[in-house]
Amino acid sequence: MEGLARANSLFALDLYRALSASNSEGNLFFSPLSISAALSMVYLGARGDTAEEMAKVLSFSSVSDVHAHFETLTSTINSPSASYILKLANRLYGEKTFSFLPEYLDSTLKLYHADLQAVDFIGASDDSRQLINKWVEEQTESKIKDLLKPGTVTGMTRLVLVTAIYFKGNWLHIFKARDTKEMPFKINQNESRPVEMMYQKKMFLFRYIPEYELQVLELPYKQEVSMLILLPNETQDGSDPLLKLESELTLDKLLDWTKKEMSRRMDIRVHLPKFKLEVESSLSKILQEMAQLSEWKAQDCGISEAAKDTSMLPLKYDQMKVSQETGSEANIGFRHALMPSYLGSSEASEGSIFKFPDADRVCTDLDFGF
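Written out as structure tokens, the structure reads:
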């Protein structure tokens, strides 16, 4: 599973750069694992050039038995824990009159634990949309509602692949309410705003990397899960230190910077903004640019024989919605839709990078944000 973890991490960084470039001013929060898992279910049915292009963008080219490893990863993530809740859920929603290949449905159920629910996209697309939203809401403990907005599912839709991740953990060292005070939070070199800032002084794993002027802090949840925070020092020339860090960030550097054996347990004063992030976006354009892929060729489709009756089968990557509260819950909903072309087409202080959970670096990055 190590090969899959590295592939997912490479994809996470590539996607991070693409999202950051498209949103240089706002907050960024996404789950690379949920996106990778959903795309992998699409990849499971891909053939020919499409499969090669998807393998390249997902960094799967050198990974053998990708789907078997994803099954192991999904089972590991969904293993019960007494101190935190972490679950990854997948489901397919298919048009009831559309004929899907039994081998594809068998594989998604076996390898991704994703069963198919037949719905009436043609005759009752909005009812189907609400049904999908209800499932996502249930999987995320009501934290994500209305993932799919009216009009995002239409009579053209034939298959929707949905992935939801839910995480709830408790800090090993609790931030006490009495220590939370309003303080300035530096958004960039020139702008600050007042926020509720949590505080505690405890022994934490910490590392300073002088050549990159970078602080790396690990904030543990109970059991083996932790949040990693990468905080660059302020620059002397007035440039944005976060942008500089992003330009230098690679997977090998990230793995080196976050090695436990290179960190020291130190008495650290931690000021962490008390925040709630809710981000909603469409990833269609970004993912298609990354993959240099705008259409899924019918001859490359291993999902349905019916697809061969169309000249092209456009693939729409869409609708990511995430919600995060400091130290408590993270929730992600993500969906993909397939629409036959003959029915038309559709188009903690200063800014820092954090990622979590980090289950002893066994699995992969679930969330990235700043």
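Counting from 0, one number per residue, gives the positions in the sequence shown under numbering that gives the first Met the number 0.
Positions of the beta carbon are idealized from the N, C-alpha and C atoms, including for glycine.
On a predicted model such as this, the values are computed, not experimentally measured, just so you know.
Check your understanding: For the region 71–80 against the region 37–54, are there 3 or more C-beta pairs whose distance is under 8 Å?
Key -> Not touching, per the Cβ criterion.
Review point. Over what stretch of residues does the alpha helix (DSSP H) that includes TYR111 continue unbroken?
Key: Within the sequence shown, the letter at position 112 stands for residue 111. Taken as a continuous stretch (DSSP letters only), the alpha helix (DSSP H) holding TYR111 covers 101–111.
Exercise for review: Under the assumption that HIS66 contacts LEU43 (Cβ atoms under 8 Å), give the Cβ distance between them as a whole number of angstroms.
Suggested key: For the purposes of this step, residue 66 is identified with residue 67 of the sequence shown, where counting begins at 1. For the purposes of this step, residue 43 is identified with residue 44 of the sequence shown, where counting begins at 1. Contact between HIS66 and LEU43 holds: their C-beta atoms lie close to 6 Å from each other, under 8 Å.
Review point. Of the residues ALA20, ARG5, ASN7, ASN89, which one's Cα is nearest the Cα of ILE285?
Key: Here residue 285 is taken as the residue at index 286 of the sequence shown, counted from 1. Proximity to ILE285 across ALA20, ARG5, ASN7, ASN89 peaks at ALA20, based on C-alpha coordinates.
Practice item. Would you mind working out which of ALA88, LYS175, ARG206, GLU217 sits nearest GLN199, comparing C-alpha positions? Key: Residue 199 sits at position 200 when you count from the first residue of the sequence shown. It is LYS175.
Check your understanding: Which of the three DSSP states, helix, strand or coil, is assigned to ILE383?
Key -> No statement about residue 383 is possible, as the shown extent of the chain runs from 0 to 369 and does not include it.
Check your understanding: With VAL118 and LYS86 assumed to form a contact (beta carbons below 8 Å), what rounded beta-carbon distance in angstroms separates them?
Key -> Taking the sequence shown and counting its residues from 1, the one referred to as residue 118 is at position 119. Taking the sequence shown and counting its residues from 1, the one referred to as residue 86 is at position 87. So it is not a contact: roughly 23 Å between Cβ atoms.
Practice item. Would you check if the region 180–191 and the region 137–152 touch, i.e. whether three or more CB-CB distances between them fall below 8 Å? Key: Using a Cβ-Cβ distance cut-off of 8 Å, the region 137–152 and the region 180–191 are not in contact, since fewer than three pairs of beta carbons, one from each stretch, lie closer than that value.
Exercise for review: Would you list the one or two residues that DSSP bridges to PHE203?
Suggested key: Sequence index remark: in the sequence shown, residue 203 carries index 204 (1-based). PHE203 is bridged to MET265.
Point to revise | Straight-line gap, ASP125 to TYR83 (C-alpha atoms, nearest Å) | key: As a working mapping, residue 125 is identified with position 126 in the sequence shown. As a working mapping, residue 83 is identified with position 84 in the sequence shown. Going from the Cα of ASP125 to the Cα of TYR83 covers about 35 Å.
Point to revise | Alpha-carbon to alpha-carbon, LEU160 and GLN222 | key: Taking the first residue of the sequence shown as 1, we reach residue 222 at position 223. Taking the first residue of the sequence shown as 1, we reach residue 160 at position 161. Each residue's alpha carbon lies about 32 Å from the other.
Exercise for review: Identify whether SER39 lies in helix, strand or coil by the three-state DSSP scheme.
Suggested key: Position 40 of the sequence shown, counting from 1, holds the residue named residue 39. In this structure, SER39 counts as helix in the three-state DSSP scheme.
Check your understanding: Helix, strand or coil: which one does DSSP assign to GLY93?
Key -> The sequence position of residue 93 within the sequence shown is 94, counting from 1. Reduced to three states, the DSSP call for GLY93 is strand.
Point to revise | Cβ-based burial, THR249 [other Cβ within 10 Å; buried from 16] | key: Numbered from its first residue, the sequence shown carries residue 249 at position 250. THR249 counts as exposed, since fewer than 16 other beta carbons sit within 10 angstroms of its beta carbon.
Point to revise | Start and end residues, alpha helix (DSSP H) containing LEU14 | key: Reading the sequence shown from its first residue, position 15 is the one you call residue 14. Residues 1–21.
Check your understanding: Quick one: Cα of TYR103 to Cα of ALA113, how far?
Key -> Position 104 of the sequence shown, counting from 1, holds the residue named residue 103. Position 114 of the sequence shown, counting from 1, holds the residue named residue 113. Going from the Cα of TYR103 to the Cα of ALA113 covers about 11 Å.
Check your understanding: Which class does PRO272 belong to by DSSP, given the choice of helix, strand or coil?
Key -> Here residue 272 is taken as the residue at index 273 of the sequence shown, counted from 1. Strand.
Practice item. With DSSP collapsed to three states, give me the class of MET289. Key: Counting from one through the sequence shown, the residue named residue 289 turns up at place 290. MET289 carries a helical assignment under DSSP once its states are collapsed to helix, strand and coil.
Practice item. Starting from the C-beta of SER303, find all residues in its chain whose C-beta is less than 7 Å away, skip the five residues before and the five after it, and write them out in chain order. Key: In the sequence shown, residue 303 corresponds to position 304, counting from 1. Within the same chain, SER303 has close Cβ partners PHE97, SER98, PHE99, LEU100.
**Study point:** Which of helix, strand or coil DSSP assigns to ALA81
**Key:** Counted from its first residue, the sequence shown places residue 81 at position 82. Coil at ALA81, not helix or strand.
Exercise for review: Check whether the Cβ atoms of ALA17 and ASN89 sit closer than 8 Å, and answer yes or no.
Suggested key: By one-based count along the sequence shown, residue 17 stands at place 18. By one-based count along the sequence shown, residue 89 stands at place 90. Between ALA17 and ASN89, the C-beta gap is not smaller than 8 Å, which leaves the two residues out of contact.
Point to revise | Limits of the unbroken beta strand (DSSP E) element including VAL118 | key: Here the question's residue 118 lines up with position 119 in the sequence shown. For VAL118, the enclosing beta strand (DSSP E) has its first and last residue at 114–118.
Check your understanding: From MET311 to PHE120, what does the alpha carbon distance come to, in whole angstroms?
Key -> Locating residue 311 in the sequence shown gives position 312, where the first residue counts as 1. Locating residue 120 in the sequence shown gives position 121, where the first residue counts as 1. Note on MET311: pLDDT 35, under 50, position unreliable in the model; no value is reported.
Practice item. Please report how far the alpha carbon of LEU241 lies from the alpha carbon of GLY93, in whole angstroms. Key: What you label residue 241 is simply residue 242 of the sequence shown in a count that begins at 1. What you label residue 93 is simply residue 94 of the sequence shown in a count that begins at 1. Approximately 43 Å, taken between the alpha carbons.
Exercise for review: Kindly give me the distance between the Cβ atoms of LEU244 and LEU254, rounded to whole angstroms, as I take these residues to be in contact under 8 Å.
Suggested key: Position 245 of the sequence shown, counted from the start, is the residue given in the question as residue 244. Position 255 of the sequence shown, counted from the start, is the residue given in the question as residue 254. Their Cβ separation, rounded to whole angstroms, is 15 Å, which puts LEU244 and LEU254 out of contact at 8 Å.
Point to revise | Residue(s) in a DSSP beta bridge with ILE208 | key: Taking the sequence shown and counting its residues from 1, one reaches residue 208 at position 209. Partner(s): LEU213.
Exercise for review: Return the residue from the list GLY168, LEU130, MET40, GLU233 that minimises the CA-CA distance to SER80.
Suggested key: To locate residue 80, count along the sequence shown from 1; it is residue 81. Looking at GLY168, LEU130, MET40, GLU233, the one whose alpha-carbon comes closest to that of SER80 is GLY168.
Check your understanding: To the nearest whole angstrom, what separates the beta carbons of MET261 and ARG206, a pair I think is in contact under 8 Å?
Key -> Here residue 261 refers to the residue found at position 262 when the sequence shown is read from its first residue. Here residue 206 refers to the residue found at position 207 when the sequence shown is read from its first residue. Contact holds; Cβ gap of about 6 Å.
Review point. Under the rule that 16 or more other beta-carbon atoms within 10 Å means buried, what is PRO193, buried or exposed?
Key: Residue mapping note: residue 193 aligns to position 194 of the sequence shown, counting from 1. Exposed is the call here.
Check your understanding: In terms of residue numbering, what span does the beta strand (DSSP E) encompassing MET182 cover?
Key -> The sequence position of residue 182 within the sequence shown is 183, counting from 1. Counting along the chain, the beta strand (DSSP E) containing MET182 begins and ends at 180–185.
Review point. Distance, Cα to Cα, LYS259 vs THR153?
Key: Stepping through the sequence shown from its first residue, residue 259 is reached at position 260. Stepping through the sequence shown from its first residue, residue 153 is reached at position 154. Using only the alpha carbons, I get a separation of about 49 Å.
Check your understanding: So what does DSSP say about LEU27, is it helix, strand or coil?
Key -> Here residue 27 refers to the residue found at position 28 of the sequence shown. Coil.
Review point. If we call anything under 8 Å between Cβ atoms a contact, is MET226 one with ARG264?
Key: For the purposes of this step, residue 226 is taken as the residue at position 227 of the sequence shown. For the purposes of this step, residue 264 is taken as the residue at position 265 of the sequence shown. Cβ atoms of MET226 and ARG264: not closer than 8 Å.
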